[in-house]
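In terms of this note's numbering, the sequence shown is residues 18 to 99. Okay, so here's the structure we're looking at.
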Amino acid sequence: MTTDEALAIIDETADRAFEVRGANDRVVAALKHLTDLGIERETLVWFWESLKGENDIGRDQNANASRNRIRHLVGQLRREPH
C-alpha cells in the first residue's frame, strides 16, 4: 500500500462516517501503513475511536477532524528533508 492509497481510504471512510460505524480491513491496513510511516499514534487512535462512536454527528465530526490531522502530519513528513 502506498501513502496516497492509505490517505484515499481514510478520506473515503471519513466521508462516510456519518452512515457507517467501525473500521473494516482496508481502514486497518491504512492505519498500519500510516503507523509504519511514523504518524503519531494518538492521531491514528483518535480516527479509529471516532469510527466507533454512538452519535452519528459526533462520529462524523471526529472522523473529519482526525482525518485533517492525519493529512497535516503526512504533509509534514513529505516536506522533511531525507
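All C-beta atoms, glycine included, are put in the ideal place defined by N, C-alpha and C.
Local Cβ density within 10 Å of Leu61, reported as buried at 16 or more and exposed below that: buried
Would Ile26 and Arg84 qualify as a contact pair, given that the criterion is a beta-carbon distance under 7 Å? no
Gly92 to Val44, Cα distance in whole Å? The C-alpha of Gly92 lies about 19 Å from the C-alpha of Val44.
8 Å contact criterion, which Ala31 and Ala80 should meet: CB distance rounded: 4 Å
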